[in-house]
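Under the numbering used here, the residue at position 180 of the sequence shown is numbered 181, and the numbers go up by one with no gaps. Have a look at the structure below before the remarks.
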Amino acid sequence: MKNRKMTSSRSILNGALIFKVLLVGLLFLCLTNGSLFAGRLKIKELVFVGNHHFSANELRGILKSKPGALFNNKLMRLDRILLRNFYQSKGFLEVWVETGIKRSGENITIKYTIAEGKQFLLKEIRISGGQILTNEQMRKTFKIKDGDIFRRQQIENGLNLIENYYYNHGKPYVEFDQKQVTRDSLITIFINVKEHETVVIKDIGYVGLKQTHGYIVHRELEIKPGEIYSRKKIEKSQKNIYSTGLFDFVGMDLKPILGDRSRVVLNIRVVEKKARWVGARFGVAYEQQTVYGGTFDFTLEFGHRNLFGSARSVSVNVIPSLSYDFTKGKIINPKNQFSFTYVEPWIGYTRTPGILQASYFQVRPLNSADYDYFTSSFQVRHKFSNNWQTSGTIAFNQVRILSEDTLGQVYFTQTRGQDFIYSLGVNIIRDSRDNYLNPQEGSVVETNIKFAYSKRRDDKTGLTTLNRFIKVIL
Numbered sequence: 002m003k004n005r006k007m008t009s010s011r012s013i014l015n016g017a018l019i020f021k022v023l024l025v026g027l028l029f030l031c032l033t034n035g036s037l038f039a040g041r042l043k044i045k046e047l048v049f050v051g052n053h054h055f056s057a058n059e060l061r062g063i064l065k066s067k068p069g070a071l072f073n074n075k076l077m078r079l080d081r082i083l084l085r086n087f088y089q090s091k092g093f094l095e096v097w098v099e100t101g102i103k104r105s106g107e108n109i110t111i112k113y114t115i116a117e118g119k120q121f122l123l124k125e126i127r128i129s130g131g132q133i134l135t136n137e138q139m140r141k142t143f144k145i146k147d148g149d150i151f152r153r154q155q156i157e158n159g160l161n162l163i164e165n166y167y168y169n170h171g172k173p174y175v176e177f178d179q180k181q182v183t184r185d186s187l188i189t190i191f192i193n194v195k196e197h198e199t200v201v202i203k204d205i206g207y208v209g210l211k212q213t214h215g216y217i218v219h220r221e222l223e224i225k226p227g228e229i230y231s232r233k234k235i236e237k238s239q240k241n242i243y244s245t246g247l248f249d250f251v252g253m254d255l256k257p258i259l260g261d262r263s264r265v266v267l268n269i270r271v272v273e274k275k276a277r278w279v280g281a282r283f284g285v286a287y288e289q290q291t292v293y294g295g296t297f298d299f300t301l302e303f304g305h306r307n308l309f310g311s312a313r314s315v316s317v318n319v320i321p322s323l324s325y326d327f328t329k330g331k332i333i334n335p336k337n338q339f340s341f342t343y344v345e346p347w348i349g350y351t352r353t354p355g356i357l358q359a360s361y362f363q364v365r366p367l368n369s370a371d372y373d374y375f376t377s378s379f380q381v382r383h384k385f386s387n388n389w390q391t392s393g394t395i396a397f398n399q400v401r402i403l404s405e406d407t408l409g410q411v412y413f414t415q416t417r418g419q420d421f422i423y424s425l426g427v428n429i430i431r432d433s434r435d436n437y438l439n440p441q442e443g444s445v446v447e448t449n450i451k452f453a454y455s456k457r458r459d460d461k462t463g464l465t466t467l468n469r470f471i472k473v474i475l
């Protein structure tokens, strides 16, 4: 009898376990099957109900869901938000949008039910409390006129312009009390401005400078002690300090003097980067011509970004190239490059960096004459505040064909004296793009002028030939 009871209990437990497994599996199939079927459903039609002020074609152009495309529930929810935002931007502040779907086989019809409500208009904007700006001047910053369709974004844009003006004219504590009164379909905006104190930068403090001299940071500042507070100048100063490449962090804060909010100390807090740096890279290069073939390039580089705390920098690059000669069965060294760079960040008490570069190449091609190549240049760059930037470069190049090389003896006698080249280049750019990666507006205008000069001496006749080249790119 005991054995029978135990067998019966085990059967009940096994049956319960199987039932749970089947239930979980069925639930999983229902969930996944719904998504799988949804992925195969196509949108047959988009239907709008209640759209009295805008046509169906106009509303379809707003939506992400398109007839003939696969149905996506997330896009349908996004379309509902897009429709509501569109109506509100046209003054229908109380708009209500609902979505529904109707399925017929593998096709879906999406129905958008819209309750537009009233279209609101701006009655007027009443501004009070202005001192450094009159109420009339502030009203002109709003692009919306009395009687226009009410658009909340235009109100916010106008307030942002006024706020920026105050922030850039000594008023960091300014406040705007805003009130909206609605009567029928007319909206009145009340704005009360509390300007508070005019703030003067009495002193500037530096925190975190260990290796860098204080004047390096001071010369990057757009705002000076004794000037009134300006957010624009402070943000530009912060950007200038970052651009030196000396700091990992740059922060700025105001500290009132003895509790007086109108007189403050501008504290600049920085975290310095390590002055010395070392790097190594590895790359593979290939040229179709048989001069080099494939090479393995190793780049070893080291430098100092803050010589004597003066923001001057030097760097040295060594790039040996290795290649495998299958005919000789050994590794060869067809090319070596040695480069030196020195940067003087300020020239003539202006933010005009000067860059001195010198490079030496040892070239020993597999199937050509051996030669050494030396190049040096000095470049000066300056960026103006009105989108203009210019640079000038003076350079000297020398190519020395090795006459002892069998392949280079004939070429050496023909080209002797042409291996000294002097050049002078000027580059002018006007770049008004709002974004470098994905510009929406603006343009780029560039002018490049280069003059090159070389001298050739004929050993047989003793005559000297001068070669001059001018290249202009617009």
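All residues carry an ideal CB built from backbone N, CA and C; glycine is no exception. For clarity, every value in this text was computed on a predicted model and none was experimentally measured.
Whole-angstrom C-beta distance between Val266 and Lys203, which should lie under 8 Å: 6 Å
Coarse secondary structure for Glu1, derived from DSSP in three states: No answer is possible for residue 1: it lies beyond the span of the chain, which begins at 2 and ends at 475.
DSSP three-state assignment for Ile145, whether helix, strand or coil: coil
Segment limits, alpha helix (DSSP H) that includes Lys240: Arg232 to Ser244
Reduced DSSP category for Lys456 - H, G, I as helix; E, B as strand; rest coil: strand
Helix, strand or coil at Gly330 [DSSP, three-state]: Note: Gly330 maps to coil in three-state DSSP.
Neighbourhood of Ile258 by C-beta, 7 Å cutoff - its chain only, sequence neighbours within 5 removed: Around Ile258: Lys203, Arg264, Val265 and Val266.
Per DSSP, the bridge partner or partners of Phe470: Ala453
In chain order, each alpha helix (DSSP H) run of at least 4 residues that lies wholly inside the region 152–232: 153–168 and 215–219
Within 9 Å, strictly: CB atoms of Trp278 and Arg306: yes
For Phe397, the nearest candidate out of Leu357, Glu236 and Val98 (CA to CA): Leu357
Sub-9 Å separation of Tyr174 and Lys233 beta-carbons: no
For Gln179, the nearest candidate out of Val344, Phe143, Ile190 and Tyr216 (CA to CA): Cα-wise, what sits closest to Gln179 is Ile190.
Chain-order list of residues whose beta-carbon lies under 6 Å from that of Gly443 (same chain, five-residue window excluded): Ser433, Arg434 and Asp435
Per-residue DSSP class, three states only, for Val445: Residue state, collapsed to three classes: strand.
Sequence-distant residues of the same chain with beta carbon closer than 6 Å to Phe379, five excluded per side: Leu357 and Ile395
Inter-stretch contact (C-beta, 8 Å, three-pair minimum) for the region 130–137 and the region 91–100: no
Alpha carbon of Asn73 to alpha carbon of Thr114, nearest angstrom: Put simply, the backbone Cα of Asn73 is about 18 Å away from that of Thr114.
Inter-stretch contact at 8 Å, needing at least 3 Cβ pairs: the region 82–93 / the region 105–112: no
Tyr88, enclosing alpha helix (DSSP H) - first and last residue: Asn74 to Ser90
DSSP state of Asn52 mapped onto helix, strand, coil: Here Asn52 sits in coil by DSSP.
Neighbour-count burial assignment, Thr296, 16 or more Cβ in a 10 Å radius: buried
Cβ shell of Ile63 (< 7 Å), same chain only, five flanking positions each side left out: The answer, listed in chain order, is Leu83, Leu84 and Phe87.
Beta-carbon gap between Ser56 and Lys119 smaller than 9 Å: Going by C-beta atoms, Ser56 is not nearer than 9 Å to Lys119.
Between the CA atoms of Asn318 and Ala370 - distance to the nearest angstrom: 25 Å
Enclosing beta strand (DSSP E) for Leu308 [first to last residue]: Gly295 to Leu308
Rounded distance between the beta-carbons of Leu123 and Asp147, thought under 8 Å: Yes, Asp147 and Leu123 are in contact; Cβ-Cβ is about 6 Å, under 8 Å.
Integer-rounded CB distance, given that Ile229 should sit under 8 Å from His170: 7 Å
Residues of its chain near Tyr454, where Cβ-Cβ distance is below 6 Å and the 5 sequence neighbours each way are ignored: If we look at Tyr454 and ignore the five residues flanking it on each side, its Cβ neighbours are Tyr423 and Arg469.
Among Thr300, Lys144, Glu196 and Gln363, nearest to Tyr166 - alpha-carbon criterion: Glu196
Residue closest to Phe299, alpha-carbon to alpha-carbon, out of Ser311, Thr448, Val218 and Ala281: Ala281
Of the residues Lys384, Ser311 and Val473, the one placed nearest Tyr343, counting alpha carbons only: Ser311
Cβ-based neighbour list, Thr376, same chain, cut-off 6 Å, excluding 5 preceding and 5 following: Ser360 and Asn398
Span separating the alpha-carbon of Leu467 from that of Phe452: The straight-line gap from Cα to Cα measures roughly 13 Å.
For Gln132, the residue or residues it bridges with in DSSP: Looking at the DSSP assignment, Gln132 forms no beta bridge with any residue, so it has no partner.
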